[in-house]
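**Q** In the UniProt record's numbering, the protein residues as written are 1 to 186.
The C-beta atom is built at its ideal place from N, Cα and C for all residues, glycine as well.
Mind having a look at this structure? Questions to follow.
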Amino acid sequence: MFFKKERNIIIDYKSLEDPRILNFLKLNLLDGNILVCEDLSEIGDKSLILENLEKLKALFPKRLKIIKGKFNKEKLHQLAKKDNSLILTANPVLKDEEGKVRVVTIDDIYSATKPIFLPGSLINVKIMKKGKDADEGIGYLDGGIKVVVDGGAKYVGKELECEVIGTMETQIGKVVFAKIKYKEIK
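Listed below in structure tokens is the structure:
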């Protein structure tokens with residue numbers, strides 16, 4: 001499994017709004033009990049949280065434990081320290097700056113597993129719209145990664161094989177810059 005020693009996984013209640021938490025747990029990479037800290041005072045989409053909690057109950061009937069109470073960052077960290085648990089969350093505020101508690105955000109997992117696009121590598125991308133510059137086409141890869149294709153404006157609606165010429169990290173995520181290999185796929 002993911003860790004050598006079985007350890008509990010603590011999930012804050014509000015993080016159940018993020019479907020990626022449930023999808024990650026379905027992979028069964030983590031051993032140990034799943035402790036959901038049910039804080040009914042938390043703000044959020046309660047119907048979605050309850051729906052995902054029911055899905056967790058069905059997936060892990062023997063491993064899921066619900067702990068009721070008011071859980072702020074300090075209480076979650078105390079609970080994790082007590083039995084060396086891992087906190088799995090969608091909330092980056094819960095990270096432990098001092099490193100005394102193991103906290104993994106779903107964004108950390110996504111960042112560690114997202115694809116790397118090296119210059120010269122080939123990708124297939126469907127051009128969805130024209131870009132800001134007259135000749136640019138815009139497409140998207142799995143995971144919502146934006147691709148700006150030089151010379152792609154006239155291929156809106158077509159899927160093309162493109163060569164990566166560079167990438168850039170922005171506030172909204174990674175942007176891939178590419179040029180057409182002039183081979184229409186679809």
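Would you say residue 173 and residue 144 are within 8 Å of each other, going by their C-beta atoms?
**A** For the purposes of this step, residue 173 is identified with residue 173 of the sequence shown, where counting begins at 1. For the purposes of this step, residue 144 is identified with residue 144 of the sequence shown, where counting begins at 1. Yes, the Cβ-Cβ distance between residue 173 and residue 144 is below 8 Å.
**Q** Do you know how far the Cα of residue 120 is from the Cα of residue 35?
**A** In the sequence shown, residue 35 corresponds to position 35, counting from 1. In the sequence shown, residue 120 corresponds to position 120, counting from 1. When rounded, the distance between both Cα atoms is 45 Å.
**Q** Could you please give the first and the last residue of the uninterrupted beta strand (DSSP E) stretch that includes residue 124?
**A** As a position in the sequence shown, residue 124 is number 124, starting the count at 1. Where residue 124 is concerned, the enclosing beta strand (DSSP E) stretches over 122 to 130.
**Q** Which same chain residues end up closer than 6 Å to residue 135 when comparing Cβ atoms and leaving out the 5 residues on each side of it in sequence?
**A** Position 135 of the sequence shown, counting from 1, holds the residue named residue 135. Cβ neighbours of residue 135 beyond the five flanking positions: 151 and 153.
**Q** Output yes if chain B places a C-beta closer than 8 Å to the C-beta of residue 135; else output no.
**A** As a matter of chain content, chain B is missing from the structure shown, which is built from one protein chain.
**Q** With H, G and I counted as helix, E and B as strand and the rest as coil, what does DSSP make of residue 151?
**A** Looking up residue 151 in the sequence shown gives position 151. In the structure shown, residue 151 sits in coil (DSSP, three-state: anything other than H, G, I, E or B).
**Q** Does the distance from the CB of residue 159 to the CB of residue 126 come in under 8 Å?
**A** Taking the first residue of the sequence shown as position 1, residue 159 is located at position 159. Taking the first residue of the sequence shown as position 1, residue 126 is located at position 126. Contact: yes.
**Q** Report yes if the CB atom of residue 80 is closer than 8 Å to the CB atom of residue 106, and no otherwise.
**A** Translated into the one-based positions of the sequence shown, residue 80 becomes position 80. Translated into the one-based positions of the sequence shown, residue 106 becomes position 106. Not in contact: residue 80 and residue 106 (Cβ atoms no closer than 8 Å).
**Q** So, at 6 Å on beta carbons, what are the nonlocal neighbours of residue 104 in its own chain, with the 5 sequence-adjacent residues on each side left out?
**A** Counting from 1 along the sequence shown, the entry for residue 104 is found at position 104. So the qualifying residues of the chain are 88.
**Q** In chain order, what residues of the same chain have a beta carbon less than 6 Å from the beta carbon of residue 168, not counting five sequence neighbours either side?
**A** On the sequence shown, residue 168 is found 168 positions in, with the first residue counted as 1. Once the five neighbours on either side are set aside, the close Cβ partners of residue 168 are 175.
**Q** So residue 108 is in the alpha helix (DSSP H); what residue range does that whole segment cover?
**A** The residue labelled residue 108 in the question sits at position 108 within the sequence shown. That run of the alpha helix (DSSP H) goes 106 to 113.
**Q** Evaluate the contact criterion for the region 69 to 80 versus the region 15 to 32: three or more CB pairs, one atom per stretch, below 8 Å.
**A** Contact between the region 69 to 80 and the region 15 to 32 is absent, because fewer than three Cβ pairs lie under 8 Å.
**Q** Can you check which of these residues, 26, 132, 123 and 124, is closest to residue 52 by C-alpha distance?
**A** As a first step, residue 52 must be located in the sequence shown, where it is residue number 52. Taking only the C-alpha atoms, the option nearest residue 52 is 26.
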